[in-house]
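In what follows, a single structure is set out as structure tokens and then discussed.
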Amino acid sequence: MKRNATAVWNGTIKEGNGHLTTQSSVLNQTQYSFNSRFAEGVGTNPEELLAAAHAGCFTMKLSLDLTQAGYPPKRLETKSIITLDNGKITQSELLLDAEVDGISAEEFEKIAREAEKTCPVSAAFSFKIILNINLKK
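When you read off a place in the sequence shown, starting at 1, and then add 18, the result is the number in the numbering used here.
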């Protein structure tokens, strides 16, 4: 399987702007700029897209692993916070809220930590990954 996205940039880093388009067209000439990346401007940015990819991949992998272990989840919600520090991405922090019936906290944590390590996006990252778990009973 291969997926693609295209970035177009016009102008200088601070005054210029660009847009992103994904193969699925979910992003279709979606605006990004210096302000959307480093300030509170309107549009997306690479770190936000990495956060979405990591949260989505991990949550799907966790759902698969829980289901295969006999604990189909009621609800999984993951927020990824990507940290950009001095021009380098240094970590992704995953904040997980989960509703899963019939599983102990210890078993859930074991499965969740394995899913974090084995989701394809986690495997692609070379920076630190932190997983914080909130299992609701």
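Yeah, the Cβ is synthetic: ideal placement off N, Cα and C, and Gly gets one too.
Chain B within 7 Å of residue i, Cβ atoms only
i     : result
Leu82 : Annotation note: the requested chain B is absent from the structure, which comprises a single protein chain.
Residues bridged to residue i [DSSP beta-bridge criterion]
i      : result
Arg93  : Glu117
His37  : Val26 and Gln49
Leu112 : Ser98 and Leu149
Asp83  : Bridge partners of Asp83: none, in fact.
Ile107 : Leu102
Contact check, residue i vs residue j, beta carbons under 7 Å
i      : j      : result
Leu113 : Asn63  : no
Lys145 : Ile107 : It should be pointed out that residue 145 corresponds to Phe in this sequence rather than to Lys. Against a cut-off of 7 Å, the Cβ pair of Ile107 and Phe145 comes out as a contact.
Ala123 : Leu80  : no
Glu95  : Ile148 : no
Cys75  : Val26  : no
Leu102 : Glu65  : yes
Assumed close pair residue i, residue j - CB separation to whole angstroms, cut-off 8 Å
i      : j     : result
Leu38  : Thr30 : 18 Å between Cβ atoms; not a contact.
Glu117 : Lys97 : In fact, because the Cβ distance is near 16 Å, the residues do not count as touching under 8 Å.
Lys20  : Phe52 : At roughly 30 Å, the Cβ-Cβ gap does not stay under 8 Å, so Lys20 and Phe52 are not in contact.
Ile129 : Ala73 : At roughly 17 Å, the Cβ-Cβ gap does not stay under 8 Å, so Ile129 and Ala73 are not in contact.
Gly34  : Tyr50 : Not a contact, Cβ separation roughly 10 Å.
Leu90  : Leu84 : The sequence shown places Pro at residue 90, not Leu. Confirmed, Cβ separation roughly 7 Å.
Gln41  : Asn22 : 5 Å
Element boundaries [alpha helix (DSSP H), containing residue i]
i      : result
Ser140 : Pro138 to Ala142
Ser54  : Phe52 to Phe56
N- and C-terminal bounds of the beta strand (DSSP E) containing residue i
i      : result
Leu149 : Lys146 to Lys154
**Item:** Three or more C-beta pairs below 8 Å linking the stretch 40–54 and the stretch 69–80
**Value:** no
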